[in-house]
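Enquirer:
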Amino acid sequence: MIELEQRGTTTILRLQRGKGNALNIELLEAIERALGEIEASDARAAIVTGQGSVFGAGVDLPEMVAGGEAYIRRFVPLLVQVFERLATFPKPLVAAVNGHAVAGGAILMLACDQRLLARGNARIGLTEIQVGVPFPAWALEIARFATPPEHFATLICTGRTWSPDEALTRGLVDEVIEPERLPERAFEVAREMGALLPATFAATKLAVRRPLIEAVRKTQSQDEQVVEAWCSPEVQKAMEAFAERTIKRKG
18 MIELEQRGTT TILRLQRGKG NALNIELLEA IERALGEIEA SDARAAIVTG
68 QGSVFGAGVD LPEMVAGGEA YIRRFVPLLV QVFERLATFP KPLVAAVNGH
118 AVAGGAILML ACDQRLLARG NARIGLTEIQ VGVPFPAWAL EIARFATPPE
168 HFATLICTGR TWSPDEALTR GLVDEVIEPE RLPERAFEVA REMGALLPAT
218 FAATKLAVRR PLIEAVRKTQ SQDEQVVEAW CSPEVQKAME AFAERTIKRK
268 G
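Sequential numbering from 18 applies to the sequence shown in my numbering.
Following this line, the structure appears as structure tokens:
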């Protein structure tokens, strides 16, 4: 599910779960372990990327629906834990977005310090409202922190997805690059950021992201209500219907 590749002082964390890197409990646990290994290692920076035409397709809705309430009560806290780990990671994180990044996959991208997107047919956006699920605090506040204020409400409240150039215009990514150049450009950015003094970078990043962290602390108590909402029959039906529509479109 995860491949770690070392290139000099940079670690590449490659998501490799099926075609869509859909988030389930096993993948979240693997991401958490990988981030722990990178933090404890001598790596100065890390690149997060996917494979094929997808960076991250969000939550594995069929598995979520099949698992029911018991699965959701395990999944959501783990999802929140991974988002928090990414947002507060002390080393530079560069997202090399090789393809579609939607819903939870887009949050993984937005949590990184620099976001580079391959030019092409990728769609970028937060589709949770179309699925029918509310955002946990960390997901919402990561999106708020990383998105220009004039585009935040549209991103959250419409569920629209955007092309690479549109994502760049709206400030969701920092660069749009030809696909063949993406790995090398991501490495260049990671190497540049990794050359900074580690303690200074970690302290500066923490200071810059303090408003994000404080915003989460003020609202995180509502996550219990988020879990209850995800477990409700109404949201369960909405997730199932969205998953069925997605499968039909792909078929």
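Don't be surprised by glycine CBs; every beta carbon is placed ideally from N, CA and C.
Because the structure is a prediction, the values reported are computed rather than measured.
Quick one: using the 10 Å Cβ neighbour count with 16 as the cut-off for buried, is Q23 buried or exposed?
Expert: Q23 should be labelled exposed.
Enquirer: A212 bridges to which residues according to DSSP?
Expert: Its beta-bridge partners do not exist; DSSP assigns none.
Enquirer: Can you look up R132 in the DSSP assignment and give me helix, strand or coil?
Expert: R132 falls in the strand class under three-state DSSP.
Enquirer: With the cut-off set at 8 Å, would you say A163 and L143 are in Cβ contact?
Expert: No, Cβ-Cβ distance for A163 and L143 is not below 8 Å.
Enquirer: Note the first and the last residue of the continuous alpha helix (DSSP H) segment covering L110.
Expert: Careful: L110 lies outside any alpha helix (DSSP H), inside the beta strand (DSSP E) at 110-114.
Enquirer: Taking buried to mean at least 16 other C-beta atoms within 10 Å of its own C-beta, is D59 buried or exposed?
Expert: Exposed, by the Cβ-count rule.
Enquirer: For G17, which three-state DSSP category applies?
Expert: The displayed coordinates of the chain run from 18 to 268. Any statement about residue 17 would go beyond what the structure contains.
Enquirer: How far does the beta strand (DSSP E) with L21 in it extend, from its first residue to its last?
Expert: First-last of the beta strand (DSSP E) with L21: 19-24.
Enquirer: Alpha carbon to alpha carbon, how far is G75 from G122? Give it in angstroms, no decimals.
Expert: Going from the Cα of G122 to the Cα of G75 covers about 5 Å.
Enquirer: Which two residues bound the contiguous beta strand (DSSP E) that contains F72?
Expert: Segment 71-73, the beta strand (DSSP E) holding F72.
Enquirer: Identify every residue that forms a DSSP beta bridge with E46.
Expert: Beta-bridge pairing links E46 to no other residue.
Enquirer: Check the DSSP bridge columns for H117 and list the partner residues they point to.
Expert: Partner(s): V71.
Enquirer: According to DSSP, is L223 helix, strand or coil?
Expert: DSSP places L223 in helix when its eight states are reduced to three.
Enquirer: Of all the alpha helix (DSSP H) runs that stay within the bounds of the segment 228-262, which reach a length of 4 or more residues?
Expert: Listed in chain order, the complete alpha helix (DSSP H) runs (minimum 4 residues) inside the segment 228-262 are 240-248.
Enquirer: Any chance the segment 24-34 sits against the segment 84-91, with 3 or more Cβ pairs inside 8 Å?
Expert: As far as the Cβ criterion goes, the segment 24-34 does not touch the segment 84-91, which means the pair count is below three.
Enquirer: Would you mind listing the alpha helix (DSSP H) stretches within the segment 137-184 that are 4+ residues and don't spill past its ends, in chain order?
Expert: Entirely contained in the segment 137-184, the alpha helix (DSSP H) runs reaching 4 residues are, in chain order, 145-148, 154-163, 166-175.
Enquirer: Determine the direct distance from the alpha carbon of I230 to that of R90, and round the result to whole angstroms.
Expert: If I take the Cα positions, the gap works out to 23 Å.
Enquirer: In terms of alpha-carbon separation, which member of G53, I48, G116 lies closest to D197?
Expert: The sequence shown places Glu at residue 197, rather than the Asp named in the question. Considering only alpha carbons, the answer is G116.
Enquirer: Let's test the definition: count the other Cβ atoms within 10 Å of the Cβ of L223 and tell me whether it reaches 16, buried, or not, exposed.
Expert: By the neighbour-count rule (16 or more Cβ atoms within 10 Å), L223 is not buried but exposed.
Enquirer: If distances are taken between C-alpha atoms only, which option among E158, A219, V148 comes closest to T263?
Expert: Closest by alpha carbon: V148.
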